[in-house]
Each structure stands twice: as C-alpha cells, then as structure tokens.
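Residue numbers for the sequence shown, in the working numbering: 487 to 853. The C-beta atom is built at its ideal place from N, Cα and C for all residues, glycine as well.
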Amino acid sequence: MSDSLKRSHLKQERTVLLLAALSLPLLVVVDQELHSAVESESNRPAQTIQRSTRTALHKSIEEGRIADALQLIKTGAAVNAQDSFGLAPIHFAVIKDDPHLVKELLTHKADVNARDRRGDTPLHMVAANSGSLAVAQQLLNNGANANVTNSDGSTALHWAAGEGNVALVKLLLDKGAKINARDLKGDTVLHWAVEEGRFSVAEYLLTAGADANAKNHYQRTPLHWAARKGHGALAEFLLAKGALADARATAGDTPLHWAAAEGHLALVTLLAKRSPSLDIKAQFGETPLHWAVLRGHDTVVAFLVEQGADVNIADEMGNTPRTLARDKGNEGIVKLLNVRETLHSAKVVNKPGTPIRVALVNGEEQP
Numbered sequence: 487m488s489d490s491l492k493r494s495h496l497k498q499e500r501t502v503l504l505l506a507a508l509s510l511p512l513l514v515v516v517d518q519e520l521h522s523a524v525e526s527e528s529n530r531p532a533q534t535i536q537r538s539t540r541t542a543l544h545k546s547i548e549e550g551r552i553a554d555a556l557q558l559i560k561t562g563a564a565v566n567a568q569d570s571f572g573l574a575p576i577h578f579a580v581i582k583d584d585p586h587l588v589k590e591l592l593t594h595k596a597d598v599n600a601r602d603r604r605g606d607t608p609l610h611m612v613a614a615n616s617g618s619l620a621v622a623q624q625l626l627n628n629g630a631n632a633n634v635t636n637s638d639g640s641t642a643l644h645w646a647a648g649e650g651n652v653a654l655v656k657l658l659l660d661k662g663a664k665i666n667a668r669d670l671k672g673d674t675v676l677h678w679a680v681e682e683g684r685f686s687v688a689e690y691l692l693t694a695g696a697d698a699n700a701k702n703h704y705q706r707t708p709l710h711w712a713a714r715k716g717h718g719a720l721a722e723f724l725l726a727k728g729a730l731a732d733a734r735a736t737a738g739d740t741p742l743h744w745a746a747a748e749g750h751l752a753l754v755t756l757l758a759k760r761s762p763s764l765d766i767k768a769q770f771g772e773t774p775l776h777w778a779v780l781r782g783h784d785t786v787v788a789f790l791v792e793q794g795a796d797v798n799i800a801d802e803m804g805n806t807p808r809t810l811a812r813d814k815g816n817e818g819i820v821k822l823l824n825v826r827e828t829l830h831s832a833k834v835v836n837k838p839g840t841p842i843r844v845a846l847v848n849g850e851e852q853p
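Next comes the structure, spelled out in structure tokens:
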C-alpha cells in the first residue's frame, strides 16, 4: 500500500474512532472499508465498540449538555479521566469546538497534552478536525506542546498542513512548531501539504524555509508527490524554489517516472524539460516510457516518443517498451512505438507538419 493510501486509511480510522467516541450511530455502517477500520482499530467487533469507560463528564460533553458539563467541572469531576479510547474530556471539548468549555477544563487543571490511544493530543485533534484557531490558541497559551508526535510520528503541524489550514500552520510555526518535522515514514510537513495538493500551505512553508528537497525514508521528495498526484501548479512552484527534477528515490524512480506512470501529461511535459535524460532508469532499468507503457497512457507515450525517448531500451528483464506494449495487447501503443522506430531508422528530420510527424502524433505506421 502506498504512503498516500496508508495516510488515507489512517485518517479514516481516526475519523471512525472520533465518531465512536462521540456516540454517533455505528451499527449502520454502509462503507465496508470503514467498518473494517473500526474492527481493526478496536480489536473487537464493531457492534460493541460503543461500550467504553466514559464518565458523566465525558457523556455530558458528547451529548452537548454543556451546562451540565460545566457544573460537573465546578463540583470536582475528574477532568483527566480517560475512556477506553484514551480520550479525556478535553479531547471531547476540542472535538465539539467549544472554546469556553476548553477554557474551564484548563482552568481546572485538565492535561493540555493528554494523549489518546493513538498518542493524539487535543492539539492534534484541532488540527485534524475543526481547525479552530481560537481553541488552538487556548491550548498553546496553556502549555500545549506544538511538537508532540503521535503513534505515526506526526505533529499537529503535519495535520494542519495536510488539511490546508494556512492560518493554523502560521500559528503553530509562530509557537515553535518545527517546520521540517518528520513522521515515522520520514515525510515532512511539506510532503503532507504537497501530497494533499495544498498549494497555499506549501507556498507558505517554502517561503518560511521548508526544505524543498527533503527526502523521506524511501528517498522521495515533495516533487515526487506532486508528480504522482498530478499537482501541476505545486510542481512548478517547487521547481522554482529549487526542487530537483531528477531526484531519485531508493527504487531509482524520479518525479518524471511517476508523472508518466499516472498519465499526467502536463507534468510529464514540465519535468521532461528539466530532466537530464528522458531515458533515466529506475531500480530495474525501467525508464519513464516503460512506466507509461505499462499503465497504458497513450498520450504520455506519444509525447515521450515524440521527444526522442528510446523505444528500444531494455530493462533488466530484457523488456523494451515495445515488448511490454505487445505483452499487454495495447496495439495503439505498439503502433506509436513502431512509428518512432521508423523515424529513427530513416533518420527523418522531425519537423511539425511532415508526414512522419503527423503519423507519430496520430499513432499511424508508415507504409
């Protein structure tokens, strides 16, 4: 599973847990994936997930009975009691986005850095959910640690960036959050912003000093994510800020490989201009053309071929783009590659409007 999908599943699971904690109906779960996430996270059947050790204070907050909650706090309720998910009343209060209630809990010594079972603090939950500046400011003013990491190594800043909350990103940075903080996969805050296509956040981070060429544990940079996800404007901005177009991951793949694999023609066009070679090889000798052929992206194949990508280059298994296309039964791509071979063999000057150029663009073989 890709990092992107893992993060998506993580967000789904966290969302399900929050819904469960707030006693929203869980017995009718239409999405089987979410149902599985509930069972996986709770280690027990989803039907019994609502049974927890919530106190009267937890319940009054979850049910929106704020006056009752305030009375319980004033009369000495345990403000740091945790339910079976590890959620304290202050977690519930920030989920409900109630600044007054949060203030009362903090006044009565609620732990501002309380962690749930995933290691999430109230600040994580604000960043990943409501994004409330007022609540975040309260937490930070009362000692919330902006650099606390949860079980996946992410900080509140990671989540604020991933959610596209520029104002919260600015606040967290002003309060000492580390701009190049990494999660357990080595992804920086900028990786998260770029992966989710958050241009404004990425722009702010880069202006504030984020590393445009930061590599995660797979040696992939934010530009790899922009290329893979099809975020053209972000890719262009990253390049303008010094991102390396030919950055190589552990598996040898470059941003151009990913743009080709995902069929993002505009990005392939952009990156091809910056790449030292269209025939740059990944770990097993595959070029961007190999990847485009494998995914069946005709327009990308046509562009790469037209720009001079080697149609006869073989990977370590001896596969050329043409043999891969034949094996996949993609006759359209086979024709494109044959046209290129004809062009190469005949040493025809590739000028716009010539018969061979027209044939190449249209995927036609020459007689």
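Inter-residue spacing [alpha-carbon to alpha-carbon] between residue i and residue j
i           : j           : result
residue 684 : residue 659 : 17 Å
residue 749 : residue 741 : 12 Å
residue 586 : residue 568 : 21 Å
residue 776 : residue 609 : 45 Å
residue 573 : residue 655 : 24 Å
residue 773 : residue 753 : 16 Å
residue 726 : residue 693 : 12 Å
residue 563 : residue 663 : 32 Å
residue 718 : residue 760 : 14 Å
residue 542 : residue 571 : 16 Å
residue 435 : residue 680 : For the chain, the structure presents residues 487 to 853; residue 435 sits outside this window and is missing.
residue 540 : residue 637 : 22 Å
residue 441 : residue 559 : With the chain covering 487 to 853 only, the question about residue 441 has no answer from this structure.
residue 716 : residue 758 : 15 Å
residue 697 : residue 815 : 43 Å
Integer Cβ distance of residue i from residue j, believed to fall under 8 Å
i           : j           : result
residue 787 : residue 822 : 6 Å
residue 657 : residue 691 : With 8 Å as the limit, residue 657 and residue 691 do not qualify as a contact, their Cβ atoms being about 14 Å apart.
residue 628 : residue 592 : 5 Å
residue 667 : residue 644 : 7 Å
residue 781 : residue 747 : 5 Å
residue 565 : residue 596 : 4 Å
residue 795 : residue 764 : 4 Å
residue 744 : residue 710 : 6 Å
Start-to-end residues for the alpha helix (DSSP H) that takes in residue i
i           : result
residue 693 : 685–693
residue 656 : 652–660
residue 717 : Note, residue 717: premise wrong, no alpha helix (DSSP H); not H, not E.
residue 634 : Segment: none, residue 634 is in no alpha helix (DSSP H) and carries neither H nor E.
residue 742 : 741–747
residue 813 : 807–813
residue 670 : Counting along the chain, residue 670 falls outside any alpha helix (DSSP H), and DSSP gives it neither H nor E.
residue 648 : 642–648
With 16 other Cβ atoms within 10 Å as the buried cut-off, status of residue i
i           : result
residue 635 : buried
residue 670 : exposed
residue 578 : buried
residue 648 : buried
residue 553 : exposed
residue 546 : buried
residue 507 : Confidence in residue 507 is poor, its pLDDT being 46 and thus under 50, which makes the residue's placement unreliable; the coordinate value appears in the next sentence. It is buried - the Cβ of residue 507 has at least 16 other Cβ atoms within 10 Å.
residue 616 : buried
residue 544 : buried
| said: Could you tell me which whole alpha helix (DSSP H) segments of length 4 or greater appear in the stretch 749–801? | reply: 751–760, 774–781, 784–792
| field | Length at least 4, wholly inside the stretch 540–625: the alpha helix (DSSP H) runs in chain order | value | 542–548, 552–560, 575–581, 585–593, 608–614
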